[in-house]
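The next block holds one structure in the form of structure tokens; read it before the comments.
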Amino acid sequence: ETAQHLEQRLGFLKSQLDRLEERNRLDSVLNRVAHSESALGKITERFELILATIENHLLMGDHAHAERIITVFARHLRQTLYEGSMPFLPLSETIEHIQTHFDLMHLLTGKRISCDIDDGMLDDLTRSRHTATFLLSDWAQRTLWPYFQLAERSLEPLGDSILEMDIFGDELVVRYAPPQSMYLPEGSHNEHIEHRFTLLGDPSAVQTGITSRVEEALYA
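Number 260 marks the last residue of the sequence shown (my numbering); no jumps.
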């Protein structure tokens, strides 16, 4: 695509950013959950930095890389706007949003940092349960952000990191294992950052509903 077309897409993304800021200002009017305003403010600050990075690639003439960043950034922005319109979100969708953000950080740093999500311990019922919006996703983004900033300044790759998810009762346990890099203090790779989030919805009720529908189908 031409540089002019990319700049037009960048202008469109900036207009979406204005929409996000407007949503933040109208947060109390929309009677959203109390924590959303501060979370949206933090995300907006990150978006400003991301836009500056895209503009920098355009100025350097690296249009192909700028195009890839814009594509992922647009997806991330749409997901953020969607999450901002909902009081709760299924865990499966929250995980998808987090992965998009991690993919974006991977591209913005020239692939000098990567983060995969290990959610293999979660079953389908757990994934269908809900979390309050902008809790899990904002924590994951804030946790990765210092490593993204380090990778941005580094000339060498920081390496791979991983976000692990497990279930303990009604709590989702999330652990972030930082990359193993010479640019980080020795042993920091083994110092996992952990946080717990409350899952909403009764899994037994979900299972009962599934069983009932199966029985209805069998004996109808």
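In this text, a Cβ means the ideal position worked out from N, Cα and C, and glycines have one as well.
Relative to the C-alpha of residue i, which residue among the options is closest?
{"i": "residue 94", "options": "122, 124, 116, 148", "result": "148"}
{"i": "residue 219", "options": "154, 89, 114, 97", "result": "154"}
{"i": "residue 106", "options": "164, 167, 44, 86", "result": "44"}
{"i": "residue 234", "options": "196, 209, 179", "result": "179"}
{"i": "residue 58", "options": "140, 103, 118", "result": "118"}
{"i": "residue 211", "options": "185, 128, 183, 169", "result": "169"}
{"i": "residue 214", "options": "53, 98, 175, 103", "result": "175"}
{"i": "residue 239", "options": "193, 185, 206", "result": "206"}
{"i": "residue 46", "options": "87, 102, 88, 86", "result": "102"}
{"i": "residue 132", "options": "167, 122, 92, 192", "result": "167"}
{"i": "residue 208", "options": "51, 237, 104, 156", "result": "237"}
{"i": "residue 151", "options": "222, 195, 87", "result": "195"}
{"i": "residue 146", "options": "92, 189, 226", "result": "189"}
{"i": "residue 121", "options": "222, 53, 163, 221", "result": "53"}
{"i": "residue 87", "options": "98, 55, 104", "result": "55"}
Which class does residue i belong to by DSSP, given the choice of helix, strand or coil?
{"i": "residue 71", "result": "Note that residue 71 has pLDDT 44, beneath the 50 cutoff, so the model's placement of it is unreliable and the number below is only indicative. Coil at residue 71, not helix or strand."}
{"i": "residue 238", "result": "strand"}
{"i": "residue 197", "result": "coil"}
{"i": "residue 156", "result": "strand"}
{"i": "residue 210", "result": "coil"}
{"i": "residue 204", "result": "strand"}
{"i": "residue 87", "result": "helix"}
{"i": "residue 223", "result": "coil"}
{"i": "residue 174", "result": "coil"}
Going by beta carbon distance, what residues of the same chain come within less than 6 Å of residue i, once the five residues before and after it are set aside?
{"i": "residue 75", "result": "In this prediction, residue 75 has a pLDDT of 48, which is less than 50 and means its spatial position is unreliable; what the coordinates show is noted afterwards. Counting only Cβ-Cβ distances below 6 Å, and skipping sequence neighbours, we find nothing."}
{"i": "residue 158", "result": "202, 204"}
{"i": "residue 138", "result": "177, 180"}
{"i": "residue 216", "result": "183, 203, 233"}
{"i": "residue 192", "result": "149"}
Apart from the five residues on each side of it in sequence, which residues of its chain come closer than 7 Å, Cβ to Cβ, to residue i?
{"i": "residue 187", "result": "153, 198, 201, 218, 219"}
{"i": "residue 224", "result": "218"}
{"i": "residue 49", "result": "110"}
{"i": "residue 134", "result": "171, 176, 177"}
Which first and last residues belong to the alpha helix (DSSP H) in which residue i is found?
{"i": "residue 113", "result": "103–124"}
{"i": "residue 166", "result": "164–168"}
Under DSSP, the beta strand (DSSP E) around residue i begins and ends at which residues?
{"i": "residue 131", "result": "Note, residue 131: premise wrong, no beta strand (DSSP E); alpha helix (DSSP H) at 131–148."}
Give every residue of the same chain whose Cβ lies closer than 8 Å to the Cβ of residue i, excluding the five residues on either side of it in the sequence, and list them in chain order.
{"i": "residue 144", "result": "90, 109, 112, 113, 116"}
{"i": "residue 71", "result": "Legend: pLDDT at residue 71 = 44, less than 50; position of this residue unreliable, value from coordinates given subsequently. Counting only Cβ-Cβ distances below 8 Å, and skipping sequence neighbours, we find nothing."}
{"i": "residue 141", "result": "116, 177, 180, 181, 184"}
{"i": "residue 128", "result": "170, 171, 172, 173, 240"}
Could you tell me how far apart the beta carbons of residue i and residue j are, in whole angstroms, since I believe they sit closer than 8 Å?
{"i": "residue 126", "j": "residue 173", "result": "6 Å"}
Is the Cβ of residue i closer than 7 Å to any Cβ of chain C?
{"i": "residue 53", "result": "Looking for chain C here will not work: only one protein chain is present."}
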